[in-house]
Amino acid sequence: MTEADAVPKVNARPAATFEFSLLRTQDIPDCVEIVRRTFAEFDGEPDAIANWFNARITHNPWQRALDGIGLGARDGGRLIAFRAMSAQPWWIEGKSTVIAFMGNTSVDSAYRGCGLGGKLIANSRECAELTGTTTAGNITQKVYRKQGFVAIGGEGNDFFRLRASYVGSVQSRIGSKLGRLTGRVADTLSAGVERRLGTVRGFRLASVARCSEEFDDLWARARSGYTSCLERSSQYLNWRLFDFPTHPLSLLALRDEGGCLRGYGIWHQLKYSEHVLCAVLRDLFVAIDDDDAVRAFLALAIQHWRSLDITWVNLEVASNR
Numbered sequence: 027m028t029e030a031d032a033v034p035k036v037n038a039r040p041a042a043t044f045e046f047s048l049l050r051t052q053d054i055p056d057c058v059e060i061v062r063r064t065f066a067e068f069d070g071e072p073d074a075i076a077n078w079f080n081a082r083i084t085h086n087p088w089q090r091a092l093d094g095i096g097l098g099a100r101d102g103g104r105l106i107a108f109r110a111m112s113a114q115p116w117w118i119e120g121k122s123t124v125i126a127f128m129g130n131t132s133v134d135s136a137y138r139g140c141g142l143g144g145k146l147i148a149n150s151r152e153c154a155e156l157t158g159t160t161t162a163g164n165i166t167q168k169v170y171r172k173q174g175f176v177a178i179g180g181e182g183n184d185f186f187r188l189r190a191s192y193v194g195s196v197q198s199r200i201g202s203k204l205g206r207l208t209g210r211v212a213d214t215l216s217a218g219v220e221r222r223l224g225t226v227r228g229f230r231l232a233s234v235a236r237c238s239e240e241f242d243d244l245w246a247r248a249r250s251g252y253t254s255c256l257e258r259s260s261q262y263l264n265w266r267l268f269d270f271p272t273h274p275l276s277l278l279a280l281r282d283e284g285g286c287l288r289g290y291g292i293w294h295q296l297k298y299s300e301h302v303l304c305a306v307l308r309d310l311f312v313a314i315d316d317d318d319a320v321r322a323f324l325a326l327a328i329q330h331w332r333s334l335d336i337t338w339v340n341l342e343v344a345s346n347r
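Numbering of the sequence shown is given in my numbering, commencing with residue 27 and proceeding in unit increments.
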């Protein structure tokens, strides 16, 4: 039995009987404690929760554009539930704005069943003129629809998986030394995925540890092709990936033969076993009509991941290309 299971349930009360107010930075310790008590996977790891608040809210350059840091529910002055909202720069219909995004909602276990989660989501509109979140589970999506939220995209956004290398799988079966040699032979014989993407002549791919003005230039050239998308300025990328990351992420930059930045991808690595690794492509940004850059990036990225003996690649980029 977890601590959350041991907390007695309060008598069911309608959400409207609780007090709702905007969250301030001084409420963060109480929010961290609610998550720690409520979710078993975070019990004993409060630093992981505190780090999220620190990176996404306290040190967020755009947070001051919002009213507070989210919405809280209180019972007799004590915080019992919250929806924390992180500010995010957004490009929508030809202009830059700031929206309340990446909402994280948590309700004290003793107060579940009172409708607090739905009420917090509905009232989170108080945080900004525009609020949103990433694709959630089926149950949460129903709540958003009920509250009048509108789905953006969602069509043709299937994710795909492909094999980059056989080295790890073979090593798991016959050992590291012989497995590496045998796996490399298998890779050479089967490396057809990237060849089907066409020529990559003149393009090169390289890891980047800091985004410079060339990323601003790409953003300025490409943004007009997008009706609604996350801002890809160097300020945002450096903050999100390198200065205050919440997860280890890597960036691969694609340049043409003239050295011009044509696009980039953001990825992270999963470890399934001692030898079997997976690369997850989280974001791929190019000009909307630059199909040559898309094909070149994917072909060169597959080669890069194969050189790292990465077995699987998950392409988790919402796109209808």
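Just so it is clear, CB atoms sit at the ideal spot from N, CA and C, and this is done for glycine as well.
Buried or exposed: C286, going by 16 or more other Cβ atoms within 10 Å of its Cβ? As a working note, residue 286 is residue 260 in the sequence shown. The residue is exposed, with fewer than 16 neighbouring Cβ atoms inside 10 Å.
Check whether the Cβ atoms of G94 and L49 lie closer than 7 Å to each other. Numbered from 1 along the sequence shown, position 68 holds the residue referred to as residue 94. Numbered from 1 along the sequence shown, position 23 holds the residue referred to as residue 49. Contact: yes.
Among the residues of its own chain, which have a CB less than 7 Å from the CB of C255, if the five just before and after it don't count? Position 229 of the sequence shown, counting from 1, holds the residue named residue 255. Hits under 7 Å: W117.
To the nearest angstrom, report how far apart S47 and V133 are at their CA atoms. Here residue 47 refers to the residue found at position 21 when the sequence shown is read from its first residue. Here residue 133 refers to the residue found at position 107 when the sequence shown is read from its first residue. Straight across, the Cα-Cα distance linking S47 with V133 is about 15 Å.
Sorted by chain position, which residues of the same chain lie with C-beta nearer than 8 Å to L307's C-beta, five sequence neighbours on each side aside? For the purposes of this step, residue 307 is identified with residue 281 of the sequence shown, where counting begins at 1. Only G291, I292, W293, A327, V339, N340, L341, E342 and V343 meet the Cβ criterion.
Three-state secondary structure (DSSP) at W78? Within the sequence shown, the letter at position 52 stands for residue 78. Of the three classes helix, strand and coil, the one that applies to W78 here is helix, per DSSP.
Let me make sure I understand the geometry here. Which of L244, A126, L310 and A322 has the alpha-carbon closest to that of S276? The residue labelled residue 276 in the question sits at position 250 within the sequence shown. If we check each option's Cα against that of S276, L310 comes out closest.
Can you name the start and end residues of the alpha helix (DSSP H) that H85 belongs to? Along the sequence shown, one-based indexing puts residue 85 at 59. That residue, H85, is in no alpha helix (DSSP H); it is neither H nor E in DSSP.
Spatial neighbours of T51 in its chain, beta-carbon cut-off 7 Å, leaving aside the 5 residues before and after: On the sequence shown, position 25 is the one that residue 51 refers to. Excluding positions up to five away in sequence, the list reads T84 and I95.
Quick one: what's V312 bridged to in DSSP? Taking the sequence shown and counting its residues from 1, the one referred to as residue 312 is at position 286. Per DSSP, G289.
Taking the straight line between their C-alpha atoms, what separation do you get for A99 and A148? The sequence position of residue 99 within the sequence shown is 73, counting from 1. The sequence position of residue 148 within the sequence shown is 122, counting from 1. Rounded to whole angstroms, A99 to A148 spans 13 Å at the Cα level.
According to DSSP, is V196 helix, strand or coil? Position 170 of the sequence shown, counting from 1, holds the residue named residue 196. In this structure, V196 counts as helix in the three-state DSSP scheme.
By Cβ distance below 6 Å, which residues in the same chain neighbour A232 in space, the five residues on each side in sequence not counted? The sequence position of residue 232 within the sequence shown is 206, counting from 1. For A232, where only same-chain residues beyond five positions count, the Cβ hits under 6 Å are A279.
Spatially closest choice to C153 from P87, L92 and A313, by CA coordinates: Position 127 of the sequence shown holds residue 153. Of P87, L92 and A313, the residue nearest in Cα terms is L92.
Out of V58, P55, V302 and G143, state which residue places its alpha-carbon closest to the alpha-carbon of S191. Position 165 of the sequence shown, counting from 1, holds the residue named residue 191. Answer by Cα proximity: V302.
Excluding the five sequence neighbours on either side, which residues of its own chain have a C-beta within less than 6 Å of the C-beta of A248, listed in chain order? Numbered from 1 along the sequence shown, position 222 holds the residue referred to as residue 248. A313.
Taking DSSP as the reference, what is the three-state secondary structure of R63? Numbered from 1 along the sequence shown, position 37 holds the residue referred to as residue 63. DSSP places R63 in helix when its eight states are reduced to three.
Within this structure, are the beta carbons of V226 and A76 separated by less than 7 Å? Along the sequence shown, read from residue 1 onward, the residue named residue 226 stands at position 200. Along the sequence shown, read from residue 1 onward, the residue named residue 76 stands at position 50. In this structure, A76 does not lie closer than 7 Å to V226 by Cβ.
Is T253 buried or exposed, if buried means 16 or more other CB atoms sit within 10 Å of its CB? The residue labelled residue 253 in the question sits at position 227 within the sequence shown. Burial call: exposed.
In the region 243-309, which residue ranges form an unbroken beta strand (DSSP E) of at least 3 residues, counting only runs that do not cross its ends? 254-256, 276-281 and 287-297
Would you mind sorting R104 into buried or exposed? The rule is 16 or more other CB atoms within 10 Å of its CB. For this step, residue 104 is matched to residue 78 along the sequence shown. Label assigned to R104: exposed.
Under DSSP, the alpha helix (DSSP H) around F323 begins and ends at which residues? Position 297 of the sequence shown holds residue 323. It spans D317 to S333 - the alpha helix (DSSP H) in which F323 sits, taken as one unbroken run.
Just curious, the beta strand (DSSP E) that G96 is in, first and last residue? In the sequence shown, residue 96 corresponds to position 70, counting from 1. Going by DSSP, G96 is part of the beta strand (DSSP E) stretching over G96 to D101.
Measure the alpha-carbon distance for N130 versus P115 and round it to whole angstroms. Here residue 130 is taken as the residue at index 104 of the sequence shown, counted from 1. Here residue 115 is taken as the residue at index 89 of the sequence shown, counted from 1. Cα to Cα, the separation comes out at about 18 Å.
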